[in-house]
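Chemist: Here it is: the structure, laid out below.
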Amino acid sequence: MLRTIGLMSGTSLDGVDAAWVETDGEAIARAGPALTLPYEPGLRRDLRRLLDLAPGLALDDPFLADCVRRLTERHAEAVERLCRVAGERPDLLGFHGQTILHRPREGRTWQVGDAALLARLTGLAVAHDFRGADVAAGGQGAPLAPALHAALARDLPKPLAVLNLGGVGNVTWIGEDGELLAFDTGPANGPLDDWARRHTGAACDEDGALALAGRAEAAVLARLLAHPYLSAPPPKSLDRLEFGRALAAAGLEALPAADGAATLVAFAAGCVAAAARHLPRPPREWLVTGGGRRNPAMMRALAGALEGPVRPVEAVGWDGDALEAQAFGLLAARVARGLPLTFPGTTGAPRPLPGGRLLPAPDGR
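Sequential numbering of the sequence shown, starting at -1, is according to the working numbering.
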């Protein structure tokens, strides 16, 4: 078994998630401590600006270089803090970096972060570039967490759906025989967070209070749910901003703040309901992870939109705050062992594909 720390910075741009995992890449022997190290406001603002600039950004842009350095240093700080909590150091880091562009149909996916700098700052081996080989082979490059979901769900009744609601939503369907199907469902917390920030100044709709105070506007919701992505069959994945034009044209801005939030929650749940129609068989239950599970308005909307029980992953003993980081701890071990990271049913890869790159620990550390 390898002792790993998985690192993840998601589309919500709230900070670095770090999680300790002991794994051979196939089973989880132990899930250890985890933490989230928030980004300071200036770095978060600059990372958000990178999302807007990414399509035309030059690799030698000084602003990009500065953001990458600061992002990587924050990841190194998260590693050192988690090592202090764990009381030991890992064998390997799984470093995802920050996705600033994801256009697999164009053969492009871009995660920023300096793996060599992270290795120097921590003195540890680093597995990174988890998506590149899959996209180069014609896959979607996402989602990458299904291998972890399957490992954790080994003894749970199936078929089972694991729904991650971050900035973008994604679902992993696990069949009775271990069959995997996974894809992005559509926008989730991202548009709601942006809406809350513009209308309340808060980073998100805390406890769903804004959405719960409003009512979904049927006409706006219908226009959003008509987006062709939702009826397209998997494999499929999304850039965070891919629905930007549809959201801008739907008429949201004419709504009161609470009604707009309620409409976006209903839209996220409607995206998941549309995704459910692509599953081979209805799951026995839906286990929800990501920030969306903390939003009572979102969980209520999901319960009304889906067949079967809808529960947070904590109901089966998983840590929903750590799962994405744990996934990159497990994937780091798979990189080290040369095991596949992606599969035809998860990304549309032509076959189970290994991937990632491995930087050894710096000499003398």
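Glycine included, each C-beta is placed from N, C-alpha and C at the ideal position.
#1: Could you compute how far the alpha carbon of residue 188 sits from the alpha carbon of residue 9?
#2: Around the C-beta of residue 72, are 16 or more other C-beta atoms found within 10 angstroms, so that it is buried, or is it exposed?
#3: For residue 61, count neighbouring C-beta atoms within 10 Å of its own C-beta (all shown protein chains included) and say buried if the count is 16 or more, exposed if not.
#4: Suppose the cutoff is 7 Å on Cβ atoms and the five residues either side in sequence are ignored; what does the same chain contact list for residue 310 look like?
#5: Does the beta-carbon distance from residue 390 to residue 124 come in below 8 Å?
#6: Between the alpha carbons of residue 255 and residue 193, how many angstroms are there, rounded?
#7: Are the beta-carbon atoms of residue 107 and residue 130 separated by less than 8 Å?
#8: Could you tell me how far apart the beta carbons of residue 181 and residue 229 are, in whole angstroms, since I believe they sit closer than 8 Å?
#9: Let me make sure I understand the geometry here. Which of 163, 139, 211, 32 has the alpha-carbon closest to that of residue 266?
#10: Under the rule that 16 or more other beta-carbon atoms within 10 Å means buried, what is residue 344, buried or exposed?
#11: State the start and end residues of the unbroken alpha helix (DSSP H) segment that holds residue 265.
#12: Residue 251 to residue 215, Cα distance in whole Å?
#13: Using beta carbons (cut-off 8 Å, strictly below), is residue 359 in contact with chain C?
#14: Using alpha carbons as the reference points, say which of 353, 360, 259 lies closest to residue 137.
#15: Compute the beta-carbon to beta-carbon distance between residue 324 and residue 19, rounded to the nearest angstrom, for a pair I have assumed lies under 8 Å.
#16: CB-CB under 7 Å to residue 109, same chain, minus the five flanking residues each way: which ones, in chain order?
#17: At which residues does the beta strand (DSSP E) containing residue 95 begin and terminate?
#18: Under 6 Å Cβ to Cβ from residue 120, same chain only, skipping five residues before and after it: list those, please.
#19: Below 8 Å between beta carbons: does that hold for residue 91 and residue 2?
#20: Can you list, in chain order, the residues of its chain whose CB lies under 7 Å from that of residue 36, leaving out five sequence neighbours each side?
#21: Cα separation between residue 210 and residue 289?
#22: Rounded to a whole number of angstroms, what is the C-alpha to C-alpha distance between residue 58 and residue 263?
#23: Measure the beta-carbon distance from residue 295 to residue 206 and round it to whole angstroms, keeping in mind my assumption that it falls under 8 Å.
#24: If we count the other Cβ atoms within 10 Å of its Cβ and call it buried at 16 or more, is residue 226 buried or exposed?
#25: Quick check for students: name the residue ranges of the beta strand (DSSP E) that lie wholly in the stretch 319 to 358, counting only runs of 3 or more.
#26: Express the C-alpha separation of residue 169 and residue 308 in angstroms, rounding to a whole number.
#27: Enumerated in chain order, which unbroken segments of the beta strand (DSSP E) with a length of 3 residues or greater are wholly contained in the stretch 112 to 150?
#28: Can you tell me where the beta strand (DSSP E) holding residue 182 begins and where it ends?
#29: Taking just the CA atoms, how far does residue 253 sit from residue 80?
#30: Whose C-beta lies closer than 8 Å to the C-beta of residue 328 among residues of the same chain, with five residues either side of it excluded?
#31: What does the alpha-carbon distance come out to for the pair residue 6 and residue 154?
#32: In the structure shown, what three-state DSSP assignment does residue 282 receive?
#33: The alpha helix (DSSP H) spanning residue 43 covers which residue range?
#34: Spatial neighbours of residue 346 within its chain, please: C-beta separation below 6 Å, excluding the five flanking residues on both sides.
#35: Whose C-alpha, out of 101, 69, 135, 114, is nearest the C-alpha of residue 348?
#36: Going by C-alpha to C-alpha distance, which of 87, 44, 40 sits closest to residue 17?
Modeler: The short version:
#1: Position 190 of the sequence shown, counted from the first residue, corresponds to residue 188. Position 11 of the sequence shown, counted from the first residue, corresponds to residue 9. About 7 Å.
#2: Stepping through the sequence shown from its first residue, residue 72 is reached at position 74. Buried, by the Cβ-count rule.
#3: Translated into the one-based positions of the sequence shown, residue 61 becomes position 63. Burial call: exposed.
#4: Taking the first residue of the sequence shown as position 1, residue 310 is located at position 312. The answer, listed in chain order, is 286, 291, 318.
#5: Given a span of -1 to 363 for the chain in the structure shown, any question on residue 390 remains unanswerable.
#6: Here residue 255 corresponds to residue number 257 of the sequence shown, with the count starting at 1. Here residue 193 corresponds to residue number 195 of the sequence shown, with the count starting at 1. Going from the Cα of residue 255 to the Cα of residue 193 covers about 8 Å.
#7: For this step, residue 107 is matched to residue 109 along the sequence shown. For this step, residue 130 is matched to residue 132 along the sequence shown. Yes, the pair counts as a contact, with Cβ atoms nearer than the cut-off.
#8: Numbered from its first residue, the sequence shown carries residue 181 at position 183. Numbered from its first residue, the sequence shown carries residue 229 at position 231. That belief does not hold up - the Cβ atoms of residue 181 and residue 229 are roughly 13 Å apart, past 8 Å.
#9: As a position in the sequence shown, residue 266 is number 268, starting the count at 1. It is 163.
#10: Sequence index remark: in the sequence shown, residue 344 carries index 346 (1-based). When all chains shown are included, residue 344 counts as buried.
#11: Here residue 265 refers to the residue found at position 267 of the sequence shown. That run of the alpha helix (DSSP H) goes 255 to 274.
#12: Position 253 of the sequence shown, counted from the start, is the residue given in the question as residue 251. Position 217 of the sequence shown, counted from the start, is the residue given in the question as residue 215. Residue 251 and residue 215: Cα-Cα distance of roughly 12 Å.
#13: Judged by its chain identifiers, the structure shown contains no chain C, having just a single protein chain.
#14: Counting from one through the sequence shown, the residue named residue 137 turns up at place 139. The residue with the shortest Cα to Cα distance from residue 137 is 353.
#15: In the sequence shown, the residue the question calls residue 324 occupies position 326. In the sequence shown, the residue the question calls residue 19 occupies position 21. With 8 Å as the limit, residue 324 and residue 19 qualify as a contact, their Cβ atoms being about 5 Å apart.
#16: Along the sequence shown, read from residue 1 onward, the residue named residue 109 stands at position 111. Closer than 7 Å at Cβ, skipping near neighbours: 94, 95, 96, 97, 129.
#17: Here residue 95 corresponds to residue number 97 of the sequence shown, with the count starting at 1. Residues 90 to 101.
#18: Counting from one through the sequence shown, the residue named residue 120 turns up at place 122. Correct list, in chain order: 74, 77.
#19: One-based indexing of the sequence shown puts residue 91 at position 93. One-based indexing of the sequence shown puts residue 2 at position 4. Cβ atoms of residue 91 and residue 2: closer than 8 Å.
#20: Residue numbering aside, residue 36 sits at position 38 when the sequence shown is read from its first letter. If we look at residue 36 and ignore the five residues flanking it on each side, its Cβ neighbours are 12, 13.
#21: For the purposes of this step, residue 210 is taken as residue 212 along the sequence shown, with counting starting at 1. For the purposes of this step, residue 289 is taken as residue 291 along the sequence shown, with counting starting at 1. Their Cα atoms are separated by approximately 17 Å.
#22: Along the sequence shown, read from residue 1 onward, the residue named residue 58 stands at position 60. Along the sequence shown, read from residue 1 onward, the residue named residue 263 stands at position 265. If you take the alpha carbons of residue 58 and residue 263, they lie about 39 Å apart.
#23: In the sequence shown, counting from the first residue as 1, residue 295 sits at position 297. In the sequence shown, counting from the first residue as 1, residue 206 sits at position 208. Confirmed, Cβ separation roughly 3 Å.
#24: As a first step, residue 226 must be located in the sequence shown, where it is residue number 228. Residue 226 should be labelled exposed.
#25: 355 to 357
#26: Here the question's residue 308 lines up with position 310 in the sequence shown. Here the question's residue 169 lines up with position 171 in the sequence shown. Near 13 Å, if we compare the C-alpha coordinates of residue 169 and residue 308.
#27: 123 to 126
#28: The count along the sequence shown starts at 1 and reaches residue 182 at position 184. Run containing residue 182: 178 to 185, per the beta strand (DSSP E) assignment.
#29: What you label residue 80 is simply residue 82 of the sequence shown in a count that begins at 1. What you label residue 253 is simply residue 255 of the sequence shown in a count that begins at 1. Going by the C-alpha atoms only, they are around 44 Å apart.
#30: The sequence position of residue 328 within the sequence shown is 330, counting from 1. So the list reads 2, 4, 19, 21, 23, 26, 92, 145, 146, 149, once near-sequence residues are dropped.
#31: Position 8 of the sequence shown, counted from the first residue, corresponds to residue 6. Position 156 of the sequence shown, counted from the first residue, corresponds to residue 154. Spanning the two alpha carbons is a distance of roughly 26 Å.
#32: Sequence index remark: in the sequence shown, residue 282 carries index 284 (1-based). Coil, per DSSP.
#33: Residue numbering aside, residue 43 sits at position 45 when the sequence shown is read from its first letter. Segment 39 to 51, the alpha helix (DSSP H) holding residue 43.
#34: Within the sequence shown, numbered from 1, the residue matching residue 346 stands at position 348. Answer for residue 346: 137, 138, 233, listed in chain order.
#35: If you number the sequence shown from 1, residue 348 lands on position 350. Residue 135 is the option with its Cα nearest to residue 348.
#36: Taking the sequence shown and counting its residues from 1, the one referred to as residue 17 is at position 19. Here the closest residue by C-alpha is 87.
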